[in-house]
Amino acid sequence: MEIEYGEGFKRQLKRLARRYRQIKSDIEPIITALLADETPGDQITGADYTLYKVRAKNTDAQRGKSGGYRVIYYLKTNTKCILVTIYSKSDQNDITSDELERLLVDIGQD
0 MEIEYGEGFK RQLKRLARRY RQIKSDIEPI ITALLADETP GDQITGADYT LYKVRAKNTD
60 AQRGKSGGYR VIYYLKTNTK CILVTIYSKS DQNDITSDEL ERLLVDIGQD
């Protein structure tokens, strides 16, 4: 599986890394699973695209997966996925459909 990083994902990761030093190692299992052709997480219903949301533990906050990070990725083809965004559940409750649409336009999927 080929993984690309959307600009929104890179921006959010950089912002979150200032507060949470272990974020890269926390999301590494997700990236490893994607590279192994797995599709971790749950598919987001009601979206026009094949989007998945997966939980990741935040070891800096020590709240487990429910209070950790959410990674949204877009399964473009069977061999390519794009990491769309990441957010901390303690900062943001949920992501709206409008926000997802805007992020997909940013990565060229309009």
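For the sequence shown, numbering that gives the first Met the number 0 gives the first residue as 0, with consecutive numbering after it. We put the beta carbon where it would ideally sit given N, CA and C, even for glycine.
Self-check item: Inter-stretch contact (C-beta, 8 Å, three-pair minimum) for the region 73-80 and the region 19-28
Solution: The region 73-80 makes no contact with the region 19-28, as fewer than three CB pairs between them are under 8 Å.
Quiz item: Contact between the region 5-17 and the region 37-48: three or more CB pairs below 8 Å?
Solution: In short, these stretches do not touch, since the Cβ pair count stays below three.
Exercise. Starting from residue 79, follow its DSSP beta bridges and name the residues at the other end.
Key: Residue 79 sits at position 80 when you count from the first residue of the sequence shown. Looking at the DSSP assignment, residue 79 forms a beta bridge with 1, 76.
Quiz item: Is the beta carbon of residue 66 less than 9 Å from the beta carbon of residue 88?
Solution: Within the sequence shown, residue 66 is the residue found at index 67, counting from 1. Within the sequence shown, residue 88 is the residue found at index 89, counting from 1. One thing to note: residue 66 has its Cβ within 9 Å of the Cβ of residue 88.
Quiz item: Can you name the residues that DSSP bridges to residue 87?
Solution: On the sequence shown, position 88 is the one that residue 87 refers to. Answer is 68, bridged to residue 87.
Quiz item: In whole angstroms, what separates the C-alpha of residue 109 from that of residue 103?
Solution: Within the sequence shown, the letter at position 110 stands for residue 109. Within the sequence shown, the letter at position 104 stands for residue 103. At residue 109 the pLDDT is 49, less than 50, meaning the model places this residue with poor confidence; the figure from the coordinates comes in the next sentence. For residue 109 and residue 103, the distance between alpha carbons rounds to 6 Å.
Quiz item: Nearest to residue 76 by CA position, among 56, 50, 60, is which residue?
Solution: Reading the sequence shown from its first residue, position 77 is the one you call residue 76. Ranked by how close their Cα comes to the Cα of residue 76, the residues 56, 50, 60 have 50 in first place.
Quiz item: Taking C-beta to C-beta, are residue 73 and residue 7 nearer than 9 Å?
Solution: Translated into positions along the sequence shown, residue 73 becomes position 74. Translated into positions along the sequence shown, residue 7 becomes position 8. No, the pair does not count as a contact, with Cβ atoms beyond the cut-off.
Self-check item: Beta-carbon proximity list for residue 90, same chain, < 6 Å, skipping 5 on both sides
Solution: Here residue 90 refers to the residue found at position 91 of the sequence shown. Taking residue 90 as the centre and dropping the five residues before and after it, the same chain places no C-beta closer than 6 Å to its C-beta.
Exercise. For the alpha helix (DSSP H) containing residue 13, list its first residue and its last residue.
Key: For the purposes of this step, residue 13 is identified with residue 14 of the sequence shown, where counting begins at 1. Per DSSP, residue 13 belongs to the alpha helix (DSSP H) from 6-18.
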